[in-house]
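Peer 1:
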Amino acid sequence: MNRNIIVTGATGLIGRNISNALIKNNENVIVFSRRPEEAKKIIKGATSYVFWDYENSNWKKYLNKADAVINLAGENIASKRWTKKVKRKIYDSRILSTRALVNAIIETGNKPECFISASAVGFYGNREDEVDEYSDKGNGFLASLVNDWENESKRLEDYNVRVVSIRLGTVLSKEGGALQKLIKQFNYYLGGTIAGGNQWFPWIHIDDAVGIFLMALNNPEIKGVLNGVSPTQVKQKEFVSILSKYLNKPCYLNIPAFLLRFILGELALVLLEGARVIPRRTLEYGYKFKYEDIDEALSNLLT
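Going letter by letter, the sequence shown gives residues -12 to 290 in my numbering.
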């Protein structure tokens, strides 16, 4: 029997790819979106398109028949300079929306089998040493944000709902996201390293990001944290060097840290910091990556 699967944040880069994969597998996808009419144009063939606002309650009735919830809602962390107001919006868009979903699931009679939520490798902070799902939380705004985000989901464990948090790295796709922005930068001959490029750049191909979510959905044994990153990590300077090769554009600039901080403020930390993240539990559960190597991944996306 086809499952009823709710997807929040369904029109985003990852959300629309997951939704389309589920629809292709004949699952009943219920799209939760702030703009359901626009969602109909982006995602074809969903069962329902529901107006989603965590401060509204009209969507709660759909939870009663849901077999699974995939939670991808959240404000883009890198779209604006981090003022106090922007940081609050980034925080609330994740914490309060997840809290509303979790509270509604707790209240409903028929609870979904699983609650799978996006998370982020920002949990680990800025680290030079190798980290995995068993590693401690790092420092900083993103680490605290991710920790609070995951803790909201964990409350469902007390109600026999299987909870999985997938800590994503930079998702590479030709449809949007960071790669599209970098391509534009290189096309203007502004490609290069950031502060020397020695910071780790945890990445994942969009196909593998979707694949990990689907594995978590379909394997009832999986619970807890999975790292959504390639097992072969590179530093930022290696990444832009290979990107330069495929775009056939120079990579000669080096943006100093002080200039980036001046332009972006605290947001600069997203680009200046990184961690060598290993998907240990993801591999332990048997996920087979399509793209382990950054050269292969960029070749697939750009040639």
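No residue lacks a Cβ here, since even glycine has one placed at the ideal position from N, Cα and C.
Considering only C-alpha positions, which residue in the set Val264, Leu259, Gln167 and Leu143 is nearest to tryptophan 190?
Peer 2: Selected option, being the one with the closest Cα: Val264.
Peer 1: Note down the Cα distance separating proline 237 from arginine 149, rounded to an integer number of angstroms.
Peer 2: Taking the straight line from one Cα to the other gives about 48 angstroms.
Peer 1: Please classify aspartate 195: is it buried, with 16 or more other beta-carbons within 10 angstroms of its beta-carbon, or exposed?
Peer 2: Buried, since its Cβ has 16 or more Cβ neighbours within 10 Å.
Peer 1: Have a look at asparagine 174 and isoleucine 242 and give me their C-alpha separation to the nearest angstrom.
Peer 2: Their backbone Cα atoms lie some 17 angstroms apart in a straight line.
Peer 1: I'd like the list of long-range same chain contacts for arginine 268, defined as Cβ closer than 6 angstroms, with 5 residues on each side in sequence excluded.
Peer 2: So the list reads Glu120 and Leu213, once near-sequence residues are dropped.
Peer 1: Applying the criterion that 16 or more other CB atoms from any shown protein chain within 10 Å of the CB defines a buried residue, is asparagine 45 buried or exposed?
Peer 2: Burial call: exposed.
Peer 1: Check whether the region 196 to 206 and the region 247 to 262 touch, using three or more Cβ-Cβ pairs below 8 angstroms as the test.
Peer 2: Too few Cβ pairs lie closer than 8 angstroms, so no.
Peer 1: Using the rule of at least 16 other Cβ atoms within 10 Å of the residue's Cβ for burial, across every protein chain shown, is threonine 290 buried or exposed?
Peer 2: Threonine 290 comes out exposed.
Peer 1: Let me confirm a value: isoleucine 93 is counted as buried when at least 16 other C-beta atoms fall within 10 Å, else exposed. Which label applies?
Peer 2: Isoleucine 93 is exposed by the Cβ-count criterion.
Peer 1: If you count every other CB in all the chains shown that lies within 10 Å of the CB of proline 99, and 16 or more means buried, which is it?
Peer 2: Classification of proline 99: buried, given that the 10 Å Cβ count is 16 or more.
Peer 1: Do proline 23 and tyrosine 36 count as a contact pair if the criterion is CB distance below 8 angstroms?
Peer 2: Yes. Within cutoff.
Peer 1: What are the complete alpha helix (DSSP H) segments, minimum 4 residues, inside the region 43 to 122?
Peer 2: Complete alpha helix (DSSP H) runs here, min 4: 71 to 94.
Peer 1: Measuring only the C-alpha atoms, how far is cysteine 101 from asparagine 51?
Peer 2: Going from the Cα of cysteine 101 to the Cα of asparagine 51 covers about 13 angstroms.
Peer 1: DSSP three-state call for tryptophan 39: helix, strand or coil?
Peer 2: DSSP places tryptophan 39 in coil when its eight states are reduced to three.
Peer 1: May I ask you to report which of helix, strand or coil DSSP gives valine 151?
Peer 2: Residue state, collapsed to three classes: strand.
Peer 1: Can you list, in chain order, the residues of its chain with a C-beta nearer than 6 angstroms to that of alanine 165? Leave out the 5 residues immediately preceding and following it.
Peer 2: Within the same chain, alanine 165 has close Cβ partners Thr157.
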